[in-house]
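>
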Amino acid sequence: MVYYKKMKKIGILIFLMLLPAICFSQPSIVFDSEEYDLGEISRNDAMEHRFDFTNSGDQDLIIEKLKSS
10 MVYYKKMKKI GILIFLMLLP AICFSQPSIV FDSEEYDLGE ISRNDAMEHR FDFTNSGDQD
70 LIIEKLKSS
């Protein structure tokens, strides 16, 4: 019984020590530039611009949906 209580306390201590690392592990997207002005364009003009970004976090960055404004 004493062994079980001691192991339980050690397990809780290890969990509490690892909790900050678990809670703060996340992806973080960083863009080189967040906006770009295309200027005046006609209705039928095809325009294109590339936004470069990096994942500065410590977890995989998964992009599920994109939307233009």
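Counting in our numbering, the sequence shown runs from 10 upward without gaps.
Ideal Cβ placement from N, Cα and C applies to all residues, glycine included.
Remember, it's a predicted structure, so these values are computed and weren't measured experimentally.
Could you have a look at L60 and say whether DSSP puts it in helix, strand or coil?
Taking the sequence shown and counting its residues from 1, one reaches residue 60 at position 51. According to the sequence as given, residue 60 is Phe; it is not Leu. Reduced to three states, the DSSP call for F60 is coil.
> What residue range does the beta strand (DSSP E) around I38 cover?
Residue numbering aside, residue 38 sits at position 29 when the sequence shown is read from its first letter. Residues 38 to 40.
> Decide yes or no for the touch test of the region 64 to 73 against the region 36 to 56: beta carbon pairs closer than 8 Å, at least 3 of them.
yes
> Could you check what DSSP says for K74 in three-state terms: helix, strand or coil?
Within the sequence shown, the letter at position 65 stands for residue 74. Three-state result, K74: coil.
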